[in-house]
Amino acid sequence: MSRAGLVAFAVVTLTTCAASAERKTSPKSVKLFDVRTATHEGVLRFSTLSYRATDQARYEGGYEAAFLYAMTSRSGPFHLTGLSGPALRFLDEKSFSLSLPQNTAFAGIAAGPVELEGGFGVSLLSVDVVHGHWSAQLLSPRAAAGVGVRLGPLRVGAELYTEYLWRWFGPDYFVRGIGVSLRWRRSPPLPPFAAGQR
Numbered sequence: 000m001s002r003a004g005l006v007a008f009a010v011v012t013l014t015t016c017a018a019s020a021e022r023k024t025s026p027k028s029v030k031l032f033d034v035r036t037a038t039h040e041g042v043l044r045f046s047t048l049s050y051r052a053t054d055q056a057r058y059e060g061g062y063e064a065a066f067l068y069a070m071t072s073r074s075g076p077f078h079l080t081g082l083s084g085p086a087l088r089f090l091d092e093k094s095f096s097l098s099l100p101q102n103t104a105f106a107g108i109a110a111g112p113v114e115l116e117g118g119f120g121v122s123l124l125s126v127d128v129v130h131g132h133w134s135a136q137l138l139s140p141r142a143a144a145g146v147g148v149r150l151g152p153l154r155v156g157a158e159l160y161t162e163y164l165w166r167w168f169g170p171d172y173f174v175r176g177i178g179v180s181l182r183w184r185r186s187p188p189l190p191p192f193a194a195g196q197r
């Protein structure tokens with residue numbers, strides 16, 4: 000191929016790439032959990048909970064604190080939200096449980112600043128000690144429903160949830176809780192190559 004042909008080929012290739020890069024997404028397109036278009040939030044949740052072993056009838060009380068990361072994709076009044084992060088349960092002075100991480104996917108609808116949502120999830124890995132007896136569990140299922148009110152960059156919410164702890168050692172546990180949460184806007188995470196250019 001002649002030099003002029005190579006130059007023409009390069010120009011056509013670069014023009015095609017530039018046109019592809021500038022191509023706009025259809026306004027009807029919904030990219031779920033796209034880091035460029037989703038809302039990113041930090042979440043702090045505090046809950047009171049009750050729990051019981053599967054071989055017991057009486058529930059006991061405790062507390063849970065969770066620090067989560069939320070990413071939300073929206074289409075009109077509807078949204079999908081994924082939450083993930085560590086959750087620490089204080090069952091009593093001799094018992095606790097730590098989930099790393101606790102994951103929940105919510106589907107919801109908004110009416111003005113008010114949002115209603117429900118979802119399912121799993122605690123990927125949990126370790127616990129109950130009165131000196133250590134155990135661990137994988138993929139403990141959970142379900143939750145909540146309501147929230149958006150106040151500018153903040154969201155104040157309340158949530159009901161239940162979880163079943165599949166313990167490897169000792170009896171399994173039922174957990175149910177009532178929590179309040181605060182979400183605040185945060186910048187989306189940068190891809191590794193972009194972070195290295197800072």
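Residues 0 to 197 (numbering that gives the first Met the number 0) are what the sequence shown spells out, left to right.
Think of the CB as a built atom: it goes at the ideal place given N, C-alpha and C, for glycine as much as any other residue.
Note that the structure is predicted; figures quoted are calculated from it, not measured.
**Q.** Inter-residue Cα distance where the pair is His130 and Ser94
**A.** 6 Å
Q | Identity of the residues DSSP links to Phe95 by a beta bridge | A | Phe89 and Val128
(Q) Quick check on this structure: which residue in Phe119, Ser139, Tyr58 and Leu79 has the alpha carbon closest to the alpha carbon of Leu97? (A) Ser139
Q: Could you tell me the distance, in whole angstroms, from the CA atom of Leu43 to the CA atom of Thr53?
A: 29 Å
Q. Can you name the residues that DSSP bridges to Tyr58?
A. Partner(s): none; Tyr58 has no beta bridge.
Q. Helix, strand or coil: how does DSSP classify Thr53 here?
A. coil
(Q) For a quick check, are the C-beta atoms of Thr103 and Thr71 less than 7 Å apart? (A) No, the Cβ-Cβ distance between Thr103 and Thr71 is not below 7 Å.
Q) Pro76 bridges to which residues according to DSSP? A) DSSP output for Pro76 lists no bridge partner at all.
Q. Taking DSSP as the reference, what is the three-state secondary structure of Arg185?
A. coil
Q.
Taking a contact to mean a Cβ-Cβ separation below 7 Å, would you say Val174 touches Glu162 in this structure?
A. yes
Q | Residues that Thr161 bridges to, as DSSP identifies them | A | Beta-bridge partners assigned by DSSP to Thr161: Ala142 and Arg175.
Q) Under a three-way DSSP split, which group does Arg166 fall into? A) coil
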